[in-house]
Amino acid sequence: MMVIPENSCIVIFGASGDLTYRKLIPALYHLYENEQLPESFAILGASRTSYSDESYRDKLKLSLQELEKTTPETLDAFCRHIHYQSVDTADVDDYHKLKNKLDELAGQYQFEQRNTLFYLATPPSLYGVIPQCLAAHGLHDETDGWKRLVIEKPFGYDFASAQQLDIDIHQHFKEHQIYRIDHYLGKETVQNLLVFRFANGMFEPLWNRNFIDYVEITGAEFLGVEERGGYYDGSGAVRDMFQNHLLQVLAMVSMEPPSAINADSIRNEVNKVLQSLQPLTEDDLKNNLVLGQYTGSEVRGQFLPGYREEPGVAGDSRTETYVGLKMFINNWRWNNVPFYVRTGKRLPTRVTEVVIHFKQTPHPVFGQNAPENKLVIRIQPDEGILMSFGLKQPGAGFKAKEASMEFHYASLEETQMLTAYERLLLDALNGDATLFARTDAVEACWKFVQPILDYKQDPTSLYGYACGTWGPKESDDLLTNDGRTWRFPCKNLTNTDYCEL
Ligand code: BG6
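Take the UniProt record's numbering: the final residue in the sequence shown is number 501, and no numbers are missing along the way.
Listed below in structure tokens is the structure:
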């Protein structure tokens, strides 16, 4: 059943930033179009730039028209809910303007309760400052309605800064008021990992070290760093994708069943498995980790520049745009099962998927050619699941041949999926923190990756790979050394004779 959130005001800090235009406003527009926003609501943009309500609306309207399919009446009606207040976000005194504007809107929209969602779509340097300034004006106080903070990643820069940020925010806001967005958790197919595992009796009994040989997790992107070189160069793939999105996906694949589907039960299990990641030793860093950086190359007839040639990137940058890691989980379920995880920019195609490889049968009755049993869980694109197994090859003798069964989300009758940001904004407005990262889990992730961050300083640790390839050749060795190979996925879930990238 659809729950409509309580009347509230949504304040977006970083209102003139890219995330606001590209993700937040389109998500809010779609929720509005589908009648999922509160009966009475206001959206208040806040940032340094000076706009009037009118000029800010015009800007958003143009960008919505450009990015989304809109209808004029709905667009006009939606835009009437948008307001703007310029604030020097780092200056505590300036927040009185914001407070006054919120008072004014509360009157105009006849809010009985002062429910407010503060969305921090700003540079991370403001994550500690804004909560403090809000609190100085009593804007964190929940006596007259809920006050929630939504914080974009990255939550911290490393283990120590993540802990400090947490302390800073908790000085003014309680954990139940804090919603840390990891947009991968908003993806329908990532949530489906839980349903697939825990709503079916036939997979879960096999989901452990006795039956699973190894697991691959791939988060590949074809795009380079685009316009974000300035940010990315100080971040790299480990901080940008691995520490958050991929470890969250890994947690969904490997966690124990929660006792119920609610924020506490699920997040307890996520935290538990993340705490069980086997700490990386010096040996692991040397033998089980591959960091790479893309170099210029011609891809499908087009020359793509190397990472160091990208705008905003230092000419001698040693930032990694690829990371591949073989890692383990120290618990009963997963003892000794390798998880091979990789992510990178400028790989041949955009694909995120999990591949579960089951063990071979105990005795090869049909000779050496028994096909592998594997399950490919495709998170994007061509969302779906593919199961491959052996069947008798028709004809004389008993030869086994690989066959597959597949399910594509696109074939469901009800395929209108909420985008990650729509789902997460709606959940935050409804006070459901299930799909938001809890502080202990975030810290567990940073703790796990900290040795990689330290190791990154080592100048011998970075390999080049040409744009449009599957990363440095050393990343293949991670698996070939164990007698295995990565799956090289195409755009489509199903492998056909022609692999479309
Ligand atoms: C973001 C990263 O969090 O996730 C980007 O900062 C990356 O670098 C993006 O491109 C990937 O998200 P998606 O939803 O396109 O897989």
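Backbone N, C-alpha and C define an ideal beta-carbon position, used for all residues, glycine too.
Practice problem: Could you tell me the boundaries of the alpha helix (DSSP H) in which Ile266 lies? | Solution: As a position in the sequence shown, residue 266 is number 266, starting the count at 1. Element bounds for Ile266: 263-275.
Self-check item: Contacting residues, own chain, Cβ-Cβ under 6 Å from Gln171 (five flanking each side not counted)
Solution: Sequence index remark: in the sequence shown, residue 171 carries index 171 (1-based). Counting only Cβ-Cβ distances below 6 Å, and skipping sequence neighbours, we find nothing.
Practice problem: Grab the span of the alpha helix (DSSP H) containing Thr74 for me, first residue to last. | Solution: Here residue 74 refers to the residue found at position 74 when the sequence shown is read from its first residue. First-last of the alpha helix (DSSP H) with Thr74: 72-79.
Quiz item: Looking at the structure shown, is Tyr463 part of a helix, part of a strand, or coil, going by DSSP?
Solution: Residue 463 sits at position 463 when you count from the first residue of the sequence shown. If DSSP states are grouped into helix, strand and coil, Tyr463 belongs with the strands.
Exercise. Under 6 Å Cβ to Cβ from Gly145, same chain only, skipping five residues before and after it: list those, please.
Key: As a working note, residue 145 is residue 145 in the sequence shown. Closer than 6 Å at Cβ, skipping near neighbours: Gln113, Arg114, Asn115.
Exercise. Work out the CA separation of Glu152 and Leu98 for me, nearest whole Å.
Key: Counted from its first residue, the sequence shown places residue 98 at position 98. Counted from its first residue, the sequence shown places residue 152 at position 152. Whole-angstrom Cα-Cα distance: 21 Å.
Quiz item: For Gly138 versus Ile169, is the C-beta spacing smaller than 9 Å?
Solution: By one-based count along the sequence shown, residue 138 stands at place 138. By one-based count along the sequence shown, residue 169 stands at place 169. No, Cβ-Cβ distance for Gly138 and Ile169 is not below 9 Å.
Exercise. Kindly list the residues whose CB is nearer than 6 Å to the CB of Ser86, restricted to its own chain and excluding five residues on each side of it in sequence; keep chain order.
Key: Within the sequence shown, the letter at position 86 stands for residue 86. Taken in chain order, the residues that qualify are Ser50.
Quiz prompt | Span of the alpha helix (DSSP H), counted from its first residue to its last, around Cys9 | solution = Reading the sequence shown from its first residue, position 9 is the one you call residue 9. Not the alpha helix (DSSP H): Cys9 falls in the beta strand (DSSP E), residues 8-13.
Quiz prompt | Residues that Tyr51 bridges to, as DSSP identifies them | solution = To locate residue 51, count along the sequence shown from 1; it is residue 51. DSSP, once it has assigned bridges, lists no residue as partnering Tyr51.
Exercise. Kindly give me the distance between the Cβ atoms of Pro131 and Leu149, rounded to whole angstroms, as I take these residues to be in contact under 8 Å.
Key: What you label residue 131 is simply residue 131 of the sequence shown in a count that begins at 1. What you label residue 149 is simply residue 149 of the sequence shown in a count that begins at 1. Contact holds; Cβ gap of about 6 Å.
Quiz item: Considering Gly344, what are the terminal residues of the beta strand (DSSP E) in which it resides?
Solution: Reading the sequence shown from its first residue, position 344 is the one you call residue 344. Note, Gly344: beta strand (DSSP E), 339-344.
Quiz prompt | Three-way DSSP call (helix, strand, coil) for Leu418 in this model | solution = Mapped onto the sequence shown, residue 418 falls at position 418. Leu418 falls in the coil class under three-state DSSP.
Quiz item: Cβ atoms of Val290 and Asn323: under 9 Å apart, would you say?
Solution: One-based indexing of the sequence shown puts residue 323 at position 323. One-based indexing of the sequence shown puts residue 290 at position 290. According to the sequence as given, residue 323 is Val; it is not Asn. Yes.
Quiz prompt | Straight-line Cα distance separating Asp103 from Thr20 | solution = To locate residue 20, count along the sequence shown from 1; it is residue 20. To locate residue 103, count along the sequence shown from 1; it is residue 103. Their backbone Cα atoms lie some 23 Å apart in a straight line.
Quiz item: Quick one: does the C-beta of Gln380 sit closer than 8 Å to a heavy atom of the ligand BG6?
Solution: Here residue 380 corresponds to residue number 380 of the sequence shown, with the count starting at 1. Yes, Cβ of Gln380 sits closer than 8 Å to a heavy atom of the ligand BG6.
Quiz item: Would you say Glu221 touches the ligand BG6, meaning its beta carbon is less than 8 Å from a heavy atom?
Solution: The sequence position of residue 221 within the sequence shown is 221, counting from 1. True, at least one ligand heavy atom lies under 8 Å from that Cβ.
Quiz item: With 16 as the cutoff for other CB atoms within 10 Å, does Lys174 come out buried or exposed?
Solution: Locating residue 174 in the sequence shown gives position 174, where the first residue counts as 1. Its Cβ having fewer than 16 others within 10 Å, Lys174 is exposed.
Quiz item: For Trp470, does the count of other Cβ atoms within 10 angstroms reach 16, so buried, or fall short, so exposed?
Solution: Here residue 470 is taken as the residue at index 470 of the sequence shown, counted from 1. Answer is buried; the Cβ neighbour count reaches 16.
Self-check item: Endpoints, alpha helix (DSSP H) assigned at Leu453
Solution: Position 453 of the sequence shown, counted from the start, is the residue given in the question as residue 453. Looking at the DSSP string, the run of the alpha helix (DSSP H) that includes Leu453 is 439-455.
Quiz item: How many whole angstroms separate the CB atoms of Gln278 and Gly464, which I take to be in contact at a CB cut-off of 8 Å?
Solution: Looking up residue 278 in the sequence shown gives position 278. Looking up residue 464 in the sequence shown gives position 464. Rounded, the Cβ-Cβ distance is 29 Å, inconsistent with contact.
Exercise. Starting from Leu493, follow the beta strand (DSSP E) in both directions and report where the run begins and ends.
Key: Looking up residue 493 in the sequence shown gives position 493. No beta strand (DSSP E) contains Leu493, which DSSP labels as neither H nor E.
Self-check item: Three-state class that DSSP yields for Ser16 in the structure shown
Solution: Here the question's residue 16 lines up with position 16 in the sequence shown. Coil at Ser16, not helix or strand.
Quiz item: Is Ala444 near Asn288, with beta carbons less than 9 Å apart?
Solution: Here residue 444 corresponds to residue number 444 of the sequence shown, with the count starting at 1. Here residue 288 corresponds to residue number 288 of the sequence shown, with the count starting at 1. Not a contact, by the Cβ cut-off of 9 Å.
Quiz item: Which whole runs of the beta strand (DSSP E) in the segment 346-433 are 3 residues long or more, in chain order?
Solution: 351-358, 374-380, 384-392, 400-408
Practice problem: Name, in chain order, the residues that DSSP records as bridge partners for Ala220. | Solution: Taking the sequence shown and counting its residues from 1, one reaches residue 220 at position 220. Answer is Gly344, Val351, bridged to Ala220.
Quiz prompt | Contact check, Arg487 vs Val376, beta carbons under 9 Å | solution = By one-based count along the sequence shown, residue 487 stands at place 487. By one-based count along the sequence shown, residue 376 stands at place 376. Yes, they are a contact pair.
Quiz prompt | Whole-number beta carbon distance between Val273 and Ile329, since they are thought to touch under 8 Å | solution = Within the sequence shown, the letter at position 329 stands for residue 329. Within the sequence shown, the letter at position 273 stands for residue 273. The pair is a contact, with the Cβ atoms about 6 Å apart (cut-off 8 Å).
Exercise. From the DSSP output, in three-state form, read off Ile46 for me.
Key: Translated into the one-based positions of the sequence shown, residue 46 becomes position 46. At residue 46 the sequence reads Ala, which differs from the Ile that was named. Strand at Ala46.
Exercise. Report the three-state DSSP secondary structure of Ile151 (helix, strand or coil).
Key: Here residue 151 refers to the residue found at position 151 when the sequence shown is read from its first residue. Of the three classes helix, strand and coil, the one that applies to Ile151 here is strand, per DSSP.
Self-check item: Assumed close pair His245, Asp182 - CB separation to whole angstroms, cut-off 8 Å
Solution: Here the question's residue 245 lines up with position 245 in the sequence shown. Here the question's residue 182 lines up with position 182 in the sequence shown. With a Cβ gap of about 6 Å, His245 and Asp182 count as contacting.
Quiz item: So which of Asp53, Ala90, Leu134 has the shortest CA-CA distance to Leu105?
Solution: Position 105 of the sequence shown, counting from 1, holds the residue named residue 105. Cα-wise, what sits closest to Leu105 is Asp53.
Quiz prompt | Gly312 versus Ile379, Gly397, Gly230, residue with shortest Cα-Cα distance | solution = Counted from its first residue, the sequence shown places residue 312 at position 312. Of the candidates Ile379, Gly397, Gly230, the one whose C-alpha sits nearest the C-alpha of Gly312 is Gly230.
Quiz item: Where His357 and Gly186 are concerned, what is the direct C-alpha to C-alpha distance, given to the nearest angstrom?
Solution: Here residue 357 corresponds to residue number 357 of the sequence shown, with the count starting at 1. Here residue 186 corresponds to residue number 186 of the sequence shown, with the count starting at 1. His357 and Gly186: Cα-Cα distance of roughly 26 Å.
Quiz item: If we count Cβ pairs, one from each stretch, closer than 8 Å, do we get three or more for the segment 424-435 versus the segment 196-215?
Solution: no
Quiz item: Could you give the C-beta distance for Ser404 and Leu386, rounded to a whole number, given that I count them as a contact under 8 Å?
Solution: Residue numbering aside, residue 404 sits at position 404 when the sequence shown is read from its first letter. Residue numbering aside, residue 386 sits at position 386 when the sequence shown is read from its first letter. Confirmed, Cβ separation roughly 6 Å.
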